[in-house]
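Listed in order, the protein sequences are those of chains A and B.
Each residue of the first sequence is one higher than the last, beginning at 1 in UniProt numbering.
Each residue of the second sequence is one higher than the last, beginning at 1 in UniProt numbering.
All residues carry an ideal CB built from backbone N, CA and C; glycine is no exception.
Report on one structure; see the data block that follows.
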Amino acid sequence: MAFYDDRRGLDDYDDDYHYDTDYGKHDSSSYPIMPDIIKKFILHFRDVIQNGSISDKQTLYESTFPKLTEQYYDNSPWPTDREILKELPEIENSNDDHIFLVLYSELCYRHIYARVPGGPSLEQRFESFYHYSALLDWILSSPEPVRLELPDQWLWELIDEFIYQFQSYAQYRARLHQKSPSELEKLESASKIWNVLSILNVLHVFVDKSNIKQQLEAHASGNKPESVAGEFGCHPLYKMLGYFSLIGLLRVHSLLGDYYQAIKVLENIELNKKSHYTDVPACQISTAYYVGFAYMMMRRYADAIRSFTSILLYIQSVKQLFQTRTYQNDQINKQTEKMYHLLAICLVLHPQCIDESIQQVLREKNYHEKMYKMQYGDTNEFESCFMFACPKFISPGSPPLDGPPEDHSKKALKFQTEVFMAEVAQQKMLPIIRSYLKLYTTLPLTKLATFMSQGVHQFGDDWSLDKEVQALTTHLLCFKHKMKNVVWVKGPSGLDGSFQSGSELDFYVDGEMVHIADTKVAHRYGDFFIKKILKFEEQNNKLRSLKISKD
Amino acid sequence: MAEAMRQEIASMLKGIQRYNPDNLQSVERYVTFQAKENAYDLEANLAVLKFYQFNQSYDIDMTCTILLKALTNLPHTDFVLCKCLLNEGIVQESNVSRIIHLANLLESCDFKQFWARLREIPELHRHVVGFQDSIRKFVCHVIGITFQTINKNLLAQLLGDVDSHTLNQWIQKYNWSLRSDGYVFVANQEACIKTKNITENIAFDSVMNIMKYCRQG
């Protein structure tokens with residue numbers, strides 16, 4: 001597990017700063033600030049941004065930049081835009097070069113957040129925000145679509161990082177106990193920076209500018225999205241920024257605990273199909289994670305389970321894509337692990353059949369033990385799984401700076417955890433009832449009540465069968481209530497759905513008798529044999545192709 | 001009237017306008033209207049709570065009304081959605097924490113306790129018209145999915161110790177029938193709650209390769 005501990009996860013979790021030293025391959029201090037190769041790269045990068053093809057941009061973005069980072073700036077920042085202007089006379093203060101520098105700086109700040117020891121300073125957080133504002137302003141206030149095309153992957157990470165830095169700032173600002181008086185003063189004067197409303201505003205403006213909602217609606221009803229896209233929405237830059245902003249809104253609403261808006265904002269995005277709009281894996285994975293989480297909080301377990309299993313199956317099938325160690329991949333791997341935890345929670349609360357290959361992972365020791373503990377009512381296990389796997393909640397209103405110097409950063413997390421744990425507490429008796437019901441097809445209420453009260457001062461002075469039956473009736477009603485969830489069936493909104501009992505065990509009460517209906521799953525022999533036969537054939541083929549030399 | 005207001009408020013809360021403080025008063029008035037006229041609009045109520053969340057100052061009475069209205073929409077999970085927009089301070093306010101306690105009892109289906117507790121604090125929900133009957137609807141919903149037949153006295157108890165006249169009204173409303181043996185027939189659950197058997201289906205695609213090998217062999 002330690003393998004996936006990226007700086008982001010830790011930064012959000014505790015205040016301590018850990019730095020993964022395995023990354024250090026070169027001591028960057030032994031290099032001059034700007035080696036020639038970097039100068040060359042920056043000039044080349046500028047030319048490609050201004051005149052290159054999308055695939056050239058993609059190569060520079062996805063491979064050259066990370067490679068050079070690893071070699072030259074592994075744990076130190078890239079040169080700033082000011083340093084570049086000073087060192088490279090070829091780059092001027094012209095409009096086009098300015099846009100390049102803003103895009104370049106965005107990458108530099110990402111790197112500072114992700115890898116540079118000590119993380120961003122307060123000033124760097126501010127500067128990064130100003131750079132975003134400059135970039136987004138340029139894109140949004142232009143009277144006609146700006147002349148810029150970037151790979152989808154880049155655009156997704158731009159929006160994703162923007163929200164990450166907002167979240168990181170909210171956490172940072174909430175840790176008032178670690179601030180010096182001068183820092184407090186600076187924070188005081190910067191109430192507009194990384195403010196939740198300005199973040200929401202940017203995302204909404206992208207959504208409106210691109211007409212992405214109308215485009216999705218047209219697409220969903222079988223019409224051509226281009227017919228409603230408008231001048232900006234036809235342009236890939238605006239269209240994709242609009243789409244990713246919707247996913248960004250899903251994330252921001254989730255961080256604030258607004259699960260209703262989180263799902264609502266995705267109307268007309270077909271959550272259950274692979275998206276036509278994007279094939280950026282990180283975007284799909286992130287979407288499924290937040291959607292599944294929101295469903296879980298709404299007690300729509302069947303929907304949550306569907307969201308998690310389908311994306312986890314997808315991740316299994318393209319696993320090799322995420323094996324190289326970039327921080328984006330670390331994040332995907334971490335999110336995958338979180339989703340297995342959430343899936344485990346959902347399946348304990350709402351047992352149902354899922355795909356065999358996902359079930360296989362949950363049978364592994366780590367998850368198996370956790371699920372076992374949760375089934376037996378270990379609330380601490382529920383809590384620790386939840387806290388590991390939930391989003392990094394933030395409180396939108398920043399704590400007053402003149403208040404006591406407390407750590408406010410975990411209050412939102414604590415509160416959302418309490419809401420979830422109240423739900424768990426309400427369902428506490430259900431696994432026990434389920435375990436008894438599984439053994440019978442019919443069972444009198446009195447008999448079940450006697451089972452249930454075993455060990456609890458049974459047959460003592462104040463024990464009465466009547467009372468136990470009454471308590472049991474309450475639990476049985478609760479069982480039926482909690483297992484009847486709204487499940488999405490069809491339609492453009494993920495909020496719609498109808499009540500269904502999808503859990504594997506069901507029952508009804510006829511007078512004083514419980515009648516039980518279980519789901520019996522036949523062993524899947526066929527699947528097993530097919531796999532073995534194919535493997536055998538493969539080995540046979542290998543043997544046949546072996547050439548044995550006769551010496 | 002209610003529908004016109006719903007549309008007016010919905011158009012007010014579009015996009016980023018949702019967070020415009022100028023709209024707050026109108027939406028708050030709409031919440032009061034819902035309580036008086038037994039109407040309901042979750043989305044508008046969530047917008048009010050979100051607004052309080054952003055400003056970190058909650059109007060307690062308004063918050064309580066919204067929470068009580070959320071309870072009237074059980075079995076939907078509106079209450080949880082509202083609760084997630086509160087914070088650790090507000091849930092300790094006495095009336096808010098009372099409502100959360102009531103919600104816990106309802107969500108655990110401990111209806112007897114719920115009615116007993118509600119009788120102790122009748123002033124809490126007095127301004128929410130139709131509150132008790134909305135809860136009874138929820139109780140009937142849960143009974144409707146749990147029981148095939150239920151003892152008449154138990155049913156009356158779960159509905160909040162209603163008299164036999166009221167009991168008969170609820171039985172009629174849901175097309176249930178009172179039998180001579182003192183049991184109420186709720187629904188024929190046998191027909192829909194059945195043991196399921198999931199057997200393995202092997203798709204042609206998955207055996208295609210094997211058949212190919214056989215031919216080659």
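Using a 10 angstroms sphere on the CB of B:P21, the tally of other CB atoms stays under 16, which defines it as exposed.
Taking a Cβ-Cβ threshold of 8 Å, none of the residues of chain A is close to B:S26; the smallest such distance is about 19 Å. At a Cβ-Cβ threshold of 7 Å, A:A288 and A:I269 do not count as neighbours. Within the region 165 to 203 of chain B, the complete beta strand (DSSP E) runs of at least 3 residues fall at 183 to 185 and 196 to 198. For a Cβ distance threshold of 8 Å, residue set T195, K196, N197 and I198 of chain B lies close to A:K520, ordered along the chain. Going by DSSP, A:Y169 is part of the alpha helix (DSSP H) stretching over D152 to A174.
Distance between A:L534 and B:M211, taken at the CA atoms: about 11 Å. DSSP places A:S501 within a strand segment (E or B) once states are collapsed to three.
C-alpha of A:E383 to C-alpha of A:R82: approximately 48 Å in a straight line. Within the region 29 to 53 of chain B, L42, E43, L46, K50 and Q53 place their CB atoms closer than 8 Å to a CB of chain A, listed in sequence order.
Against chain A, the CB of B:T63 has no partner CB under 7 Å away; the residue lies outside that interface. Within chain B, no residue has its beta carbon less than 8 Å from that of A:R434; the closest one is some 15 Å off. Here A:V348 is buried, its C-beta having at least 16 other C-beta atoms within 10 Å. Residue contact with chain B for A:M371: absent (no Cβ-Cβ distance below 7 Å to any residue of chain B). When CB distances to chain A are screened at a threshold of 7 Å, the residues of the region 102 to 116 of chain B falling below it are N104, E107, S108, C109 and D110, in chain order. Around the beta carbon of A:K410, a 10 Å sphere encloses 16 or more other beta carbons of the protein chains shown; the residue is thus reported as buried.
Approximately 23 Å separates the beta-carbon atoms of A:Y259 and B:L105; this is outside 8 Å, ruling out the contact.
Residues are counted here when their Cβ sits less than 7 Å from a Cβ of chain A; for the region 12 to 23 of chain B these are G15, I16 and Y19, given in chain order. Close partners of B:Q148 in chain A (Cβ separation under 8 Å): Y508, V509, D510, G511 and H515.
Looking at the DSSP output, A:P444 sits in a beta bridge with A:M513. Between the region 521 to 533 of chain A and the region 197 to 209 of chain B, the count of Cβ pairs shorter than 8 Å is three or higher; the stretches touch. Annotation for A:Q416: the continuous alpha helix (DSSP H) segment containing it runs K411 to Q426.
Within chain A, the residues placing a beta-carbon under 7 Å from that of B:T77 are M298 and R299, ordered along the chain. Excluding the 5 residues flanking it on each side, B:W115 has same chain C-beta neighbours closer than 6 Å at G160, in chain order.
Within the region 67 to 144 of chain A, the complete alpha helix (DSSP H) runs of at least 4 residues fall at 81 to 87, 95 to 115 and 122 to 141. At least one CB atom of chain A sits nearer than 7 Å to the CB of B:K83. For B:V91, there is no enclosing alpha helix (DSSP H), as DSSP marks it with neither H nor E.
Scanning chain A for C-beta atoms nearer than 7 Å to the C-beta of B:I145 yields K480 and K484, reported in chain order. Taking C-beta atoms under 8 Å as the contact rule, A:L443 and A:I516 qualify, at a distance of about 7 Å. Distance from the CA atom of A:Q335 to the CA atom of A:F536, rounded to whole angstroms, is 35 Å. Linking A:F166 to A:A425 through their CA atoms gives a straight-line distance of about 33 Å.
Taking the beta carbon of B:V80 as reference, the chain A residues within 8 Å of it are M297, M298, R299, V419 and E423, listed in sequence order. At least one CB of chain A lies nearer than 7 Å to the CB of B:I202. Look at the region 156 to 177 of chain A: it has no residue with a C-beta under 9 Å from a C-beta of chain B. Beta-carbon to beta-carbon, A:L68 and A:F41 are separated by about 6 Å, close enough to satisfy the 8 Å threshold. No Cβ of chain A is located within less than 7 Å of the beta carbon of B:S134.
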